[in-house]
Structures are given as C-alpha cells and as structure tokens.
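Engineer:
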C-alpha cells in the first residue's frame, strides 16, 4: 500500500486480517497531508448518491468517541438562493434539514457579516471527526493483524519480475509484493508513472487557511460549521473547540 493517508490506512486495515500488508508512507507519520488537513466533518448528505450510501454505512463502523455533534449550516447570498434551494431539495431526503431565512441565519451564525447570507439550510446531525484518533486506530489495527506501517519511505523505483513487484525507496530500502495499491493522494500520478501506469490527470489544489480568534464571548462549542453554497469557503472552530 503506497500512501498512509485515510484511503491507504483504511484499505490496509481491512486487508490486514486476510493478507500480508505493508503500508509505505513518504512522511514521518501517517495522515500528514490531506487527511490531517481536511475539514474533518461527517455529514450524511455530503456528495453524490454513492458517497452518501458509503457515509450511511460507515457511520456504524466508527466508535462513538471519534464523532461529536457540531452541526452544519450551508449559506447562500441572494444570487446563490436558487442553487442552494435545489441542493436542499436534493439532500433533505437523506437527512433531516431545516430551511432558514436571513434573520434566522444571522441569529444562528453571528460571525458572518450581517447581510451576507440571504438564506441557508441547517444539518443538525453533522459531526466533527477526531481524525487523529481515526488514523491511530487504523494504524493500530494494521499492526495488530500482523501488518507493517513504514514511514519515511519515498518510492524511487519499481520493477516487476516473476509476478512480484520490487519497490525501492530513495534511501535504498526495498519491499517486495505481488500486488501494489496506489493510495498516494495528490502524488498518485507520479507513483503511477514509476510503475509505468497511465496517469489519471490528477491536479493537486492549494488550500488557503486563515486562522483568527473568535469575538469575546463566542461559545465555539455551540458554533456550527458554516459552508458556502458553492463551497467557495468554510468556517469551522479548530483546536478542540
């Protein structure tokens, strides 16, 4: 398994009881890139039908201590109202949602500039995910099943002979495996090229983050995650708040 993000770790954890599994992670710890920098929110109605079905199924696989209710409010300007309403009509069949007009939005999310939101819908069941704990649990499960999690392994070359891949790191370490799973995230196309596989045309994106202190007296524990109708921005308490 090349890549120690949530994709590689979760697949490896499922396979480890049934096969010999080795996870190779470039960084010095798993979950360092997109996994560790994600919005870390669990929402039943996020994504298309396939993602929603997987979310509904996977909720029962998580221990309750890795999810904590946060709530989510999707906001729209007047120009975005029709798009948000269409999204609301599509999503409300999967999860109970509340439609909010401007006054109710202002009361629910006082951090937004007054007058910005023309309307919104609220998903009260959306939950924070303890990503650090989830990553640690998967890593523990892999090791408990006899698997190996190797860090600091940047793939430099790969060759196949007699039905076996021999993967070599930049430091000269070598791992042999009959099957290799490419879970390298933003670097998946680069890894594919090393294995002489056709790239998919993945384009890594840069995320810009602004951190700031909330106004005095703000109860961050009660503040829902705020997401723009077109997902141009989101606002969410961090640092255990």
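Residue numbers (this note's numbering): 790 to 1030.
Even glycine gets a Cβ: it sits at the ideal position worked out from N, Cα and C.
1. Pairs of beta-carbons, one from the segment 934-947 and one from the segment 811-820, closer than 8 angstroms: are there three or more?
2. Roughly how many angstroms lie between the CA atoms of residue 856 and residue 948, to the nearest whole one?
3. If you count every other CB in all the chains shown that lies within 10 Å of the CB of residue 850, and 16 or more means buried, which is it?
4. State the DSSP-derived secondary structure class of residue 878, mapped to helix, strand or coil.
5. Within the continuous alpha helix (DSSP H) that includes residue 853, where are the two ends?
6. What is the DSSP secondary structure of residue 839, reduced to helix, strand or coil?
7. Where does residue 863 sit, in a helix, a strand or coil, going by DSSP?
8. Spell out the partners DSSP gives residue 910 in its beta bridges.
9. By DSSP, does residue 803 sit in helix, in strand, or in coil?
10. Considering only DSSP beta bridges, list what residue 931 is partnered with.
11. Between the Cα of residue 834 and the Cα atoms of 878, 867, 868, which residue gives the shortest distance?
12. Compare the C-beta of residue 796 against all C-beta atoms of chain B and say whether one is closer than 8 angstroms.
13. For the structure I just gave you, are there three or more beta carbon pairs, one from the segment 836-843 and one from the segment 816-823, closer than 8 angstroms?
14. DSSP three-state call for residue 949: helix, strand or coil?
15. Taking only the alpha-carbon atoms, compute the straight-line gap between residue 975 and residue 798 and give it to the nearest angstrom.
16. Since residue 1019 sits in a beta bridge, which residues does DSSP pair it with?
17. Nearest by alpha-carbon distance to residue 963: which of 979, 985, 939 is it?
Structural biologist: Short version:
1. Touching, yes, given that three or more Cβ pairs across the two stretches are closer than 8 angstroms.
2. So the two alpha carbons sit approximately 42 angstroms from each other.
3. By the Cβ neighbour-count rule, residue 850 is exposed, with fewer than 16 other Cβ atoms within 10 Å of its own.
4. Here residue 878 sits in helix by DSSP.
5. Per DSSP, residue 853 is not a residue of any alpha helix (DSSP H), being assigned neither H nor E.
6. DSSP places residue 839 in helix when its eight states are reduced to three.
7. In this structure, residue 863 counts as strand in the three-state DSSP scheme.
8. Residue 910 pairs with 863, 888.
9. Three-state DSSP puts residue 803 in a helix.
10. Under DSSP, no beta-bridge partner is assigned to residue 931.
11. Among 878, 867, 868, the Cα nearest to that of residue 834 belongs to 878.
12. Protein chain content of the structure displayed is limited to a single chain, and chain B is not contained in it.
13. No, because fewer than three Cβ pairs between the segment 836-843 and the segment 816-823 fall closer than 8 angstroms, the two stretches do not touch.
14. Residue 949 carries a strand assignment under DSSP once its states are collapsed to helix, strand and coil.
15. For residue 975 and residue 798, the distance between alpha carbons rounds to 16 angstroms.
16. Secondary-structure assignment with DSSP links residue 1019 through no beta bridge to anything.
17. The shortest C-alpha to C-alpha distance from residue 963 to any of 979, 985, 939 is the one to 939.
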